[in-house]
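Numbering (the numbering used here), first residue to last: 30 to 381. Here a beta-carbon is modelled for each residue, glycine too, at the ideal position from N, C-alpha and C. Keep in mind it's a predicted model, so treat the numbers as computed, not measured.
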Amino acid sequence: MAVTLKDVASEAGVAVSTASRVLRGDPHPMIGAGTRERVMEAARRLRYRHNVYARQLALGRSEVVGIFASALMEGVNLAKFQALESAIRARGYRPLLGHTAGHDELQVQSAKEFISSAVEGVVVANAGRGHRHALEVLAERRIPIVSLEPLEGVEADIITVDRRAGARLAIRHLLDLGHRRIAMLHSQLDRSPSWERYEGYREALAEYGCSVDPSLLVPIVGASRDGSYALGYETARHLLAIQPLPTAAFCSNDEIAIGAMKALAEAGLRIPEEMALVGFDDIKVAAYAPVPLTTVAQPVAAQAEQAVALLFEHIANQGPERPPQVVQIEPRLVVRASCGAAAAGRERRAEA
30 MAVTLKDVAS
40 EAGVAVSTAS
50 RVLRGDPHPM
60 IGAGTRERVM
70 EAARRLRYRH
80 NVYARQLALG
90 RSEVVGIFAS
100 ALMEGVNLAK
110 FQALESAIRA
120 RGYRPLLGHT
130 AGHDELQVQS
140 AKEFISSAVE
150 GVVVANAGRG
160 HRHALEVLAE
170 RRIPIVSLEP
180 LEGVEADIIT
190 VDRRAGARLA
200 IRHLLDLGHR
210 RIAMLHSQLD
220 RSPSWERYEG
230 YREALAEYGC
240 SVDPSLLVPI
250 VGASRDGSYA
260 LGYETARHLL
270 AIQPLPTAAF
280 CSNDEIAIGA
290 MKALAEAGLR
300 IPEEMALVGF
310 DDIKVAAYAP
320 VPLTTVAQPV
330 AAQAEQAVAL
340 LFEHIANQGP
350 ERPPQVVQIE
360 PRLVVRASCG
370 AAAAGRERRA
380 EA
């Protein structure tokens with residue numbers, strides 16, 4: 030007997046309508062990551078195949094584009110997905126989300142689900158460590174791929190934000206304010222986005238005659254599934270243990286910065302008087318943090334639009350074959366109160 034949507038819903042312990050939304054890739058705000066994971070796991074266990082597009086497939090078109098995402102759907106990652114979804118729908122296609130919520134071992138499974146849904150192309154919003162094998166599965170089927178971040182070992186157009194330039198903006202701003210003991214709260218430096226931010230940090234310090242003090246490099250601690258706010262809160266405990274205490278901290282994203290802000294406040298430190306904070310991304314909540322956060326803004330909408338436009342060029346087979354291209358989009362610094370140079374709405378663009 031064929032497995033039905035009702036069977037999947039029952040197995041996952043959710044309503045049929047919820048199971049349907051998850052399997053369609055609908056990013057409904059009331060459906061949490063845990064629920065999505067349960068539904069997808071139930072569908073895998075039961076070997077359910079969502080096949081509502083048989084008519085389009087019979088015509089050789091699915092009008093579906095996959096969005097490959099491995100990170101938790103929060104902050105800038107959620108903003109990227111929403112921008113990609115909007116750009117895809119604007120072209121009359123339906124986005125299908127392949128979300129592994131940080132579980133790298135599920136990435137190949139997501140790729141296979143894209144294939145079974147006959148996606149016409151895939152945009153990589155963010156990729157985990159195991160992305161290479163998963164994307165090779167798609168490339169073998171000649172499914173076009175465009176990515177919002179660098180990929181290892183996979184040929185694809187890359188439309189990314191110049192994180193290196195963004196980090197230089199942030200650190201120059203702190204240096205201009207007189208800070209010299211500037212900590213960096215960072216994720217793994219063997220990953221491209223983190224390394225790019227570190228290089229910008231190092232380069233800006235060098236411009237002012239300063240070198241990197243290894244004691245001021247603070248690795249982010251904790252499990253990613255806890256969410257970045259909690260990681261920032263926990264990591265700030267290590268920041269507070271540095272003696273003498275840094276006068277400023279550059280954080281790898283805004284959630285880390287806001288989580289750290291809470292821990293610093295609980296420890297009795299005044300921001301920015303006793304420690305300045307800078308984030309990265311300019312998520313919506315950054316302007317409404319207890320102390321409005323200075324941050325490097327990623328132009329997410331422009332990045333998503335360029336990526337989707339390139340993907341649809343591939344789908345339409347417009348023009349001759351060409352080598353993959355890398356496009357870097359310029360970030361900007363949004364200055365708020367967390368550095369002591371309050372000027373709400375003031376911005377500074379990256380310099381060459």
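Neighbourhood of residue i by C-beta, 7 Å cutoff - its chain only, sequence neighbours within 5 removed
i      : result
Glu263 : Val250 and Gly251
Arg209 : Cys239
Gly195 : Gly229, Phe309, Val325, Pro360 and Ala379
Buried versus exposed call for residue i [16 or more other C-beta atoms within 10 Å across all chains shown]
i      : result
Asp283 : buried
Pro248 : exposed
Ser145 : exposed
Val314 : exposed
Asp219 : exposed
Gly261 : buried
Ser281 : buried
Met176 : Note that residue 176 is Ser in the sequence shown here, rather than Met. It is buried - the Cβ of Ser176 has at least 16 other Cβ atoms within 10 Å.
Arg375 : Caution is warranted here: a pLDDT of 39 is assigned to Arg375, below 50, making its placement in the model unreliable, and no coordinate value can be reported.
Glu225 : buried
Identity of the residue in the options nearest residue i by Cα
i      : options                           : result
Arg13  : Ala333, Glu359 and Pro321         : What the structure shows of the chain is the stretch from 30 to 381, and residue 13 is not part of that stretch, so it cannot be assessed.
Tyr230 : Met213, Val51 and Pro353          : Met213
Ser367 : Glu342, Pro352 and Val325         : Val325
Ile285 : Asp311, Ala296 and Arg120         : Asp311
Lys35  : Gln354, Leu75 and Arg120          : Leu75
Ala185 : Phe143, Ile172 and Val363         : Ile172
Ala154 : Ala330, Val363, Ala265 and Tyr317 : Ala330
Ala270 : Ser281, Ser257 and Ala292         : Ala292
Glu66  : Val51, Pro124 and Ala316          : Val51
Expected contact under 8 Å - CB spacing of residue i and residue j to nearest Å
i      : j      : result
Leu107 : Ala62  : The pair is not a contact, with the Cβ atoms about 11 Å apart (cut-off 8 Å).
Ala233 : Ile200 : 4 Å
Ala5   : Val137 : Within the shown structure, residues of the chain are numbered from 30 to 381, placing residue 5 beyond reach of any answer.
Val152 : Leu113 : 6 Å
Leu306 : Leu322 : 7 Å
Val68  : Ala44  : Actually they do not touch by this definition, with Cβ atoms about 10 Å apart.
Ala265 : Ala289 : 4 Å
Ile287 : Ala294 : Between Ala294 and Ile287 the Cβ distance is about 11 Å, and since that is not below 8 Å, they are no contact.
Beta-carbon contacts of residue i that lie in its chain and below 6 Å, excluding the five residues immediately before and after
i      : result
Ser221 : Pro179
His267 : Val247
Tyr77  : Val32 and Val37
Contacting residues, own chain, Cβ-Cβ under 8 Å from residue i (five flanking each side not counted)
i      : result
Val241 : Tyr230, Arg231 and Leu234
Cβ contact check for the segment 93 to 112 and the segment 121 to 140: 3 or more pairs under 8 Å = yes
request  = Could you tell me whether the segment 158 to 174 touches the segment 257 to 277, where touching means 3 or more Cβ pairs closer than 8 Å?
outcome  = no
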